[in-house]
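Written out below as structure tokens is the structure these notes cover.
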Amino acid sequence: MNNQNTSNSKLDISFKDIFVQYLRVWPWFVISLIATMICAGIYLRYAISQYSINATILIKDDKKGADLADAASAIDLDIFKSTKSVNNEIEVLKSRRLMQKVLSDLSLRATCYAVGTIKTTELYGKSLPINIVINKLDSLAYLKSIKLTVSDGNVFEVDVDHETSIVHFGERINLPYVSFTVTSNAHIQKGKAFLVKFNDLRKLGLYYDSKLNLTVVNKDASVLALSLVDPVPEKGTDILNKLIDDYNQEAIEDKNLLAQNTIGFIDGRLKYLLTELTGVEKNVEGFKKSNQVSDVSVDAQAFMDQSTEYANKSNDINIQIGVLDAIESYLSKDENRYGLIPSSLGIQDPTLNSLIEQLNSLQLERTRLLKTVQEASPIITGINDQILNLRKNILENLKNIKSGFQITRNSIDQKYGAFKSRIKTVPTIERGLTDIKREQAVKEALYAFLLQKREEAAISLSSAVANSRIIDRGYVDDIPVAPKKQIIFLLTLVAGLGAPILGVYIRELLNIKVQSINDVTKIIPEVPVLGEITHNDTLETLIIKGNNRSEMAERFRLIRSNLQFTSTGKNKVIMVTSSRSGEGKTFFSINLAASLALTGKKVAVLEFDIRKPKMLKDLNLAPFPNGITNFLIDPKLTIEDLVHDFKEVPGLHIISSGPIPPNPSELLLGQRVDGLMDQLNEKYDFVVVDTSPIGQVADAFTLGKYADSSIYIVRYNYTFKEQLHIARDIYQNAKMNNLLMVMNDLKKSRGGAYGYGYGYGYGYGGYGGYGMDDESSKKGRNKQQKNRR
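Everything in the sequence shown is counted per the working numbering, starting at 88 for the first residue and increasing by one.
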């Protein structure tokens with residue numbers, strides 16, 4: 088339970104630190120938001136808006152329930168009935184050829200722009216004050232831009248590759264790669280500039296094909312939704328409407344092609360029959376004149392009636408055989424291999440009619456596909472094979488039907504011959520006249536039949552309708568689809584807030600120094616933190632005095648109180664160390680000792696940093712005759728020879744380090760150190776030991792066995808985070824007794840509260856690295872004093 092509470096507490100502290108960390112840079116959030124909002128406003132002001140143009144059409148498809156009550160089905164010709172695939176029609180609508188035709192019909196080989204100070208705007212339709220008529224266009228023109236600047240109402244300046252010339256409206260402009268004429272639609276303001284660019288219709292067609300979107304609205308209906316996105320609404324609407332119109336026109340032309348083929352075939356047969364019919368009529372007229380015949384004998388009327396009945400039946404069969412011969416003759420000609428076959432013209436045979444309908448459907452499909460694919464395409468080859476097989480089947484079927492008709496005709500002719508023999512008494516002249524009239528009747532009947540079918544085909548030709556019905560012509564959405572203001576402002580808000588957040592995060596990520604107490608607790612959460620020492624803005628080392636009630640003095644008193652609760656046993660000897668020079672351990676040692684002395688206790692502070700001592704200099708004291716190194720070397724010296732009263736703080740005694748020895752590590756291992764510490768323990772209530780930085784030399788480890796508590800100094804924005812692992816290793820391996828931590832150099836924030844800032848407080852300041860010469864140390868101290876000022 089305690090572990091959970093501790094975890095929650097750390098989490099709360101972490102969130103609080105993060106919040107405070109970002110709160111300190113709130114002006115950057117304001118500046119960032121203002122800057123991104125200004126950028127968004129400028130972008131929206133000059134960005135080119137994109138508009139969505141939409142249209143809806145109904146594809147007349149049997150499978151999708153489209154209306155089939157068109158003129159062709161009404162007259163029962165069965166020529167134009169076919170099942171349209173919606174997916175096929177989508178491919179036709181998206182074909183490059185159709186889109187290029189649309190762009191050509193709309194005269195989009197040239198595009199005109201109005202040149203502005205910042206933005207160049209495309210002009211089209213009603214907004215276009217000039218017309219451009221292209222007389223000649225070469226592919227090199229696609230890479231060129233021509234600038235036109237109006238000089239006055241009738242003259243403009245042409246700028247081509249920085250070469251200018253003056254031209255009148257209506258005058259042809261001849262260049263090596265283009266020849267065109269510019270005319271004015273209305274009065275144009277002087278100085279108005281236009282930019283003319285010439286378009287490759289092939290590439291422009293690909294561009295608009297990629298932007299054209301076709302969607303089936305409902306799977307149970309053949310309704311197509313067409314949409315196009317374009318910066319010029321009027322232009323996009325014209326393209327979409329023209330696309331639908333051209334698609335419908337091509338569908339009508341495909342249907343009319345079959346009707347025109349049928350009419351052509353019938354016209355040829357009528358011309359031939361008319362010649363034969365004229366000849367028969369002349370034969371009748373000549374026969375009657377030469378034989379002076381005017382009427383049929385009444386006596387042979389009964390026999391003639393029976394004979395006529397069978398003759399009529401034979402005539403009907405001969406008509407159908409004649410039609411079959413004509414179709415067979417048409418199919419046999421190689422030039423009609425891929426031509427449309429005329430209708431069966433009254434042959435009542437379901438198999439033949441079905442085969443002809445299939446063949447005509449394949450011929451139409453082949454004709455349509457050849458507009459978009461090559462003749463060598465596998466699709467065309469497959470259709471050619473199907474057409475060849477169907478033609479063979481039709482020819483075979485024609486032979487079978489003719490064979491049946493001939494058998495029937497032979498039977499009728501036999502019966503007719505029987506009746507004919509019974510009228511042998513009829514004069515030869517009358518019998519000859521009857522034969523001629525029968526031939527005339529056959530020709531007249533066939534001629535009338537073909538005239539009727541031609542009229543039906545002509546009606547179908549004039550009443551052919553498109554494959555689609557327009558539900559909604561092109562219309563423009565009032566709200567642009569791009570740029571979307573809501574998304575832009577949302578991204579602006581995210582960017583405005585995200586940039587400072589990212590900046591702070593990256594700064595913290597790249598910062599390898601301790602910035603907050605949270606940085607310490609993350610690495611060594613088990614070590615107690617006695618407190619935080621604020622930044623020292625003064626030049627004084629001694630802060631703790633009897634009458635000092637400053638913020639820093641109170642913090643030292645708080646640390647003194649916390650120190651009393653960190654150990655249940657004795658806590659007389661307190662050792663102070665740090666990771667490296669300049670973290671303020673000497674400053675802390677002096678003031679901690681002074682704080683303890685002010686409670687009435689007898690306190691000694693030892694300058695055990697015998698490698699680079701600076702305590703006396705920081706306190707503005709003259710060097711003492713004897714110090715710790717003198718005591719360790721000379722057995723004649725006693726503690727009384729080392730101790731010096733510090734007059735500013737009653738009860739506080741100072742023992743200096745003495746001269747810097749050549750072998751400090753060996754001195755600290757001697758028995759004289761044991762004697763020194765034992766005597767100090769007996770004589771003083773508290774002993775504060777200022778040692779060398781433990782991250783640089785091992786002196787503190789040697790002296791650690793004498794300490795009841797060890798205080799590790801960490802300085803904000805100075806101590807490296809990596810160096811905290813030294814303290815963690817000390818704690819985990821119990822290399823020192825009762826390890827504690829103190830945070831130094833806490834800065835005051837702008838609001839007056841203390842936070843973790845940058846800069847340097849009182850501490851080692853110019854404390855150089857171990858082994859630096861005196862001159863380098865002196866330069867470092869001078870630099871520290873300059874920074875304080």
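Backbone N, C-alpha and C fix where the C-beta goes; we use that ideal spot for every residue, glycine too.
Review point. Looking only at its own chain, which residues have a Cβ that is under 6 Å from the Cβ of GLY323, when we skip the five neighbours before and after it?
Key: One-based indexing of the sequence shown puts residue 323 at position 236. Cβ neighbours of GLY323 beyond the five flanking positions: ILE140, LEU315 and ASP317.
Practice item. Identify the continuous alpha helix (DSSP H) that holds LYS672 and give its terminal residues. Key: Looking up residue 672 in the sequence shown gives position 585. Annotation for LYS672: the continuous alpha helix (DSSP H) segment containing it runs 672-684.
Review point. Can LEU881 and VAL265 be called in contact, C-beta distance under 7 Å?
Key: Summary: the structure shown does not reach residue 881, with the chain confined to residues 88 through 876, and so no result is reported for it.
Check your understanding: If you draw a straight line from the C-alpha of GLY128 to the C-alpha of ALA586, how long is it?
Key -> By 1-based counting over the sequence shown, the position of residue 128 is 41. By 1-based counting over the sequence shown, the position of residue 586 is 499. Their Cα atoms are separated by approximately 18 Å.
Check your understanding: So what's ALA127 in DSSP terms, helix, strand or just coil?
Key -> Here residue 127 corresponds to residue number 40 of the sequence shown, with the count starting at 1. When DSSP states are grouped into helix, strand and coil, ALA127 belongs to the helix group.
Point to revise | Bounding residues of the beta strand (DSSP E) (the contiguous stretch that carries ASP559) | key: Numbered from 1 along the sequence shown, position 472 holds the residue referred to as residue 559. Looking at the DSSP string, the run of the beta strand (DSSP E) that includes ASP559 is 555-563.
Check your understanding: What's the gap between the Cα of VAL730 and the Cα of LEU827?
Key -> To locate residue 730, count along the sequence shown from 1; it is residue 643. To locate residue 827, count along the sequence shown from 1; it is residue 740. Straight-line Cα distance between these residues: approximately 27 Å.
Point to revise | Sheet register partners of GLN137 (DSSP bridge) | key: The sequence position of residue 137 within the sequence shown is 50, counting from 1. When beta bridges are read from the DSSP output, GLN137 appears opposite ALA569.
Check your understanding: For LEU485, which residues of its own chain have a beta-carbon under 6 Å away from its beta-carbon, when the five flanking residues on both sides are left out?
Key -> As a first step, residue 485 is located in the sequence shown; it is residue number 398 there, counting from the start. LEU411 and GLU415, listed in sequence order.
Review point. By the 10 Å Cβ neighbour count, where 16 or more other Cβ atoms means buried, how is ASN348 classified, buried or exposed?
Key: Looking up residue 348 in the sequence shown gives position 261. ASN348 is buried by the Cβ-count criterion.
Check your understanding: Is it true that the CB of GLU619 sits closer than 7 Å to the CB of MET830?
Key -> By one-based count along the sequence shown, residue 830 stands at place 743. By one-based count along the sequence shown, residue 619 stands at place 532. It is a contact, given that the beta carbons lie within the stated cut-off.
**Study point:** Alpha-carbon to alpha-carbon, ASN370 and LYS507
**Key:** The residue you call residue 507 lines up with position 420 of the sequence shown. The residue you call residue 370 lines up with position 283 of the sequence shown. Approximately 22 Å, taken between the alpha carbons.
Exercise for review: For my contact list, HIS622 and LYS834 are in at a C-beta cut-off of 8 Å; report their separation, rounded to the angstrom.
Suggested key: Along the sequence shown, one-based indexing puts residue 622 at 535. Along the sequence shown, one-based indexing puts residue 834 at 747. Sure, about 5 Å apart at Cβ, within 8 Å.
Check your understanding: Going by DSSP, what residues sit across from THR302 in a beta bridge?
Key -> Stepping through the sequence shown from its first residue, residue 302 is reached at position 215. Per DSSP, the beta bridge partners of THR302 are ALA312.
**Study point:** Burial state of ARG594, where buried means 16 or more other Cβ atoms lie within 10 Å
**Key:** By 1-based counting over the sequence shown, the position of residue 594 is 507. Flag for ARG594 reads exposed.
Review point. The beta strand (DSSP E) spanning PHE285 covers which residue range?
Key: Here residue 285 corresponds to residue number 198 of the sequence shown, with the count starting at 1. Start and end: 280-285.
Check your understanding: Under 7 Å, do GLY782 and GLN810 count as touching if we go by C-beta distance?
Key -> To locate residue 782, count along the sequence shown from 1; it is residue 695. To locate residue 810, count along the sequence shown from 1; it is residue 723. In contact: GLY782 and GLN810 (Cβ atoms closer than 7 Å).
Practice item. Return the chain-ordered list of same chain residues with a C-beta closer than 7 Å to the C-beta of ASN645, the five sequence neighbours on each side being excluded. Key: The count along the sequence shown starts at 1 and reaches residue 645 at position 558. The residue asked about is misnamed: residue 645 is Leu in this sequence, not Asn. Setting aside the 5 residues that flank it on each side, LEU645 is surrounded in the same chain by GLY618, each with a C-beta closer than 7 Å to its C-beta; the list follows chain order.
Review point. Roughly how many angstroms separate the alpha carbons of PHE116 and GLN602, rounded to a whole number?
Key: Counting from one through the sequence shown, the residue named residue 116 turns up at place 29. Counting from one through the sequence shown, the residue named residue 602 turns up at place 515. Rounded to whole angstroms, PHE116 to GLN602 spans 21 Å at the Cα level.
Review point. Going by DSSP, what residues sit across from ASN909 in a beta bridge?
Key: This structure does not reach residue 909, given that the chain is present from 88 up to 876, and the question cannot be answered.
**Study point:** Start-end ranges of the beta strand (DSSP E) lying completely within the region 613-653, minimum 3 residues
**Key:** 616-621
**Study point:** Uninterrupted beta strand (DSSP E) stretches inside the region 190-262 (no shorter than 3 residues)
**Key:** 197-202, 207-210, 217-224, 232-237, 242-247, 250-255 and 259-261
Exercise for review: Indicate the three-state DSSP secondary structure (helix, strand or coil) for THR778 in the structure shown.
Suggested key: Position 691 of the sequence shown, counted from the start, is the residue given in the question as residue 778. Of the three classes helix, strand and coil, the one that applies to THR778 here is coil, per DSSP.
Check your understanding: Helix, strand or coil: which one does DSSP assign to SER441?
Key -> For the purposes of this step, residue 441 is taken as the residue at position 354 of the sequence shown. Helix.
Practice item. Assuming SER454 and LEU344 form a contact by the criterion Cβ under 8 Å, report the distance between their Cβ atoms to the nearest whole angstrom. Key: Taking the first residue of the sequence shown as 1, we reach residue 454 at position 367. Taking the first residue of the sequence shown as 1, we reach residue 344 at position 257. The sequence given here places Thr at residue 454; Ser does not occur at that position. Contact holds; Cβ gap of about 7 Å.
Practice item. Return helix, strand or coil for PHE718, following the three-state DSSP convention. Key: Locating residue 718 in the sequence shown gives position 631, where the first residue counts as 1. Assignment of PHE718 by DSSP, reduced to helix, strand and coil, places it in the helix class.
Review point. Can you check whether the CB of VAL690 is closer than 7 Å to the CB of LEU739?
Key: Your numbering for residue 739 matches position 652 in the sequence shown. Your numbering for residue 690 matches position 603 in the sequence shown. Result yes, Cβ atoms of LEU739 and VAL690 sit closer than 7 Å.
Point to revise | Whole-angstrom distance between VAL112 and ILE604, CA atom to CA atom | key: Position 517 of the sequence shown, counted from the start, is the residue given in the question as residue 604. Position 25 of the sequence shown, counted from the start, is the residue given in the question as residue 112. For ILE604 and VAL112, the distance between alpha carbons rounds to 19 Å.
**Study point:** For PHE807, the residue or residues it bridges with in DSSP
**Key:** Here the question's residue 807 lines up with position 720 in the sequence shown. According to DSSP, PHE807 bridges with LYS600.
Check your understanding: Three or more C-beta pairs closer than 8 Å, one from the region 713-732 and one from the region 647-662: is that the case here?
Key -> no
Review point. In the DSSP assignment, what residue or residues form a beta bridge with HIS812?
Key: Residue numbering aside, residue 812 sits at position 725 when the sequence shown is read from its first letter. Answer by DSSP bridge pairing: none, since HIS812 is not bridged.
Practice item. Give the DSSP-derived three-state secondary structure of VAL385 in the structure shown. Key: Mapped onto the sequence shown, residue 385 falls at position 298. With a pLDDT of only 47 at VAL385, under 50, the local geometry of the prediction cannot be trusted, and no value is derived from it.
Check your understanding: With VAL736 and ALA681 assumed to form a contact (beta carbons below 8 Å), what rounded beta-carbon distance in angstroms separates them?
Key -> In the sequence shown, residue 736 corresponds to position 649, counting from 1. In the sequence shown, residue 681 corresponds to position 594, counting from 1. The pair is a contact, with the Cβ atoms about 5 Å apart (cut-off 8 Å).
Point to revise | Contacting residues, own chain, Cβ-Cβ under 8 Å from ASP878 (five flanking each side not counted) | key: No answer is possible for residue 878: it lies beyond the span of the chain, which begins at 88 and ends at 876.
Point to revise | Limits of the unbroken beta strand (DSSP E) element including ALA691 | key: Taking the sequence shown and counting its residues from 1, one reaches residue 691 at position 604. It spans 690-694 - the beta strand (DSSP E) in which ALA691 sits, taken as one unbroken run.
**Study point:** Backbone secondary structure at VAL730 - three-state DSSP
**Key:** For the purposes of this step, residue 730 is taken as residue 643 along the sequence shown, with counting starting at 1. In the structure shown, VAL730 sits in coil (DSSP, three-state: anything other than H, G, I, E or B).
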